[in-house]
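Please read the structure below before turning to the comments.
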Amino acid sequence: MIKNILLYTLVISCSICFGQREKVLNLPDFDKHRFHYGFYLGMNKNSYKIAYRNSTIGSPDILVTSSIGFNVGLIGDMKLHNNLNLRFEPGLMSNNKTLTFNHIDSPNENETVREVNATFLHLPIILKASTNRINNIRPYVLGGMSYNHNFSSNETNNDDNFAGKFRTKTHSIMYEVGIGVDIYLNYFKFSPSIRGVFAIDNELVRDNRSPSQWTDPIDYLGTRGIFLHLSFE
Numbered sequence: 079m080i081k082n083i084l085l086y087t088l089v090i091s092c093s094i095c096f097g098q099r100e101k102v103l104n105l106p107d108f109d110k111h112r113f114h115y116g117f118y119l120g121m122n123k124n125s126y127k128i129a130y131r132n133s134t135i136g137s138p139d140i141l142v143t144s145s146i147g148f149n150v151g152l153i154g155d156m157k158l159h160n161n162l163n164l165r166f167e168p169g170l171m172s173n174n175k176t177l178t179f180n181h182i183d184s185p186n187e188n189e190t191v192r193e194v195n196a197t198f199l200h201l202p203i204i205l206k207a208s209t210n211r212i213n214n215i216r217p218y219v220l221g222g223m224s225y226n227h228n229f230s231s232n233e234t235n236n237d238d239n240f241a242g243k244f245r246t247k248t249h250s251i252m253y254e255v256g257i258g259v260d261i262y263l264n265y266f267k268f269s270p271s272i273r274g275v276f277a278i279d280n281e282l283v284r285d286n287r288s289p290s291q292w293t294d295p296i297d298y299l300g301t302r303g304i305f306l307h308l309s310f311e
């Protein structure tokens, strides 16, 4: 019994001593530099927010199914303050979505299903607000705006849904918000974050003629998504 008590006391004492010992700081001068650079990788789950309008077609019902996409890009960071950084993160953001028009009464998938591919040149300007560094970690929040160029939009394609093509706009503006943590390692800083991206403008390109059972019921269509962002700086 006494042996067990002594053993438990020794373990607890060692744990307390270890916990009170100051940790060695990795990259202690990293945040003193005005500029630094890096790159990022990530995965996204982008979908569409759809708002309907009054339509003579009936009750619109469009199901959006999205696949896991990828993000990749570069990072340019400028220190504005000890706890505030301005970042430019140009990159590519890509994923595929399937639109199922459940209100269209047809057994033919060529009429009820549309595959929508999206590959964006994503150009965000981001403000990153960080806490003070705690040993080798530093939590942060961020927010910003981005210009996006969709290479797969089909906006200039003369074929519309009557020819099997769902079209979206090439240019769009989005905003994004996120939360993450900087982890200072021996040779670089690793920063995982979770971010949300939200289109501001309407990305829908309407069909060439009306009535259209695909685009007439839609009042607004805009990208909404969440992605895992892994940066290396």
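One point on numbering: in this note's numbering, the residue at position 109 of the sequence shown is 187, and numbering is uninterrupted. Glycine is no exception: its CB is placed at the ideal position from the N, C-alpha and C atoms. Since the model is a prediction, treat every value here as computed from it, not as a measurement.
- Residue 179 counts as buried, since no fewer than 16 other beta carbons sit within 10 angstroms of its beta carbon.
- Looking at the DSSP output, residue 124 sits in a beta bridge with 303.
- The Cβ atoms of residue 173 and residue 235 lie no closer than 7 Å to each other.
- Annotation: residue 163 to residue 271 spans about 16 Å, alpha carbon to alpha carbon.
- Annotation: residue 190 is outside any beta strand (DSSP E); the continuous alpha helix (DSSP H) that includes it extends over 187-190.
- Annotation for residue 241: no beta strand (DSSP E) segment contains it, and DSSP assigns it neither H nor E.
- The region 204-217 and the region 226-241 do not touch, with fewer than three beta-carbon pairs separated by less than 8 Å.
- At the C-beta level, residue 296 and residue 306 stay beyond 7 Å of one another.
- Distance from the CA atom of residue 191 to the CA atom of residue 150, rounded to whole angstroms, is 29 Å.
- Secondary structure at residue 229: coil, using DSSP grouped into helix, strand and coil.
- The beta carbon of residue 304 is closer than 6 Å to those of 123 and 274 in its chain, skipping five residues each way along the sequence.
- Around the beta carbon of residue 131, fewer than 16 other beta carbons sit within 10 angstroms, so the residue counts as exposed.
- Around the Cβ of residue 107, a 10 Å sphere holds fewer than 16 other Cβ atoms; the residue is exposed.
- As computed with DSSP, residue 158 is found in no beta bridge at all.
- Listed as beta-bridge partners of residue 118 by DSSP are 151 and 309.
- Judged by their CB atoms, residue 153 and residue 116 are nearer to each other than the 7 Å cut-off.
- Counting only runs that start and end inside the region 163-215, the beta strand (DSSP E) elements of at least 3 residues fall at 169-179 and 191-208.
- It is roughly 26 Å from the alpha-carbon of residue 242 to the alpha-carbon of residue 148.
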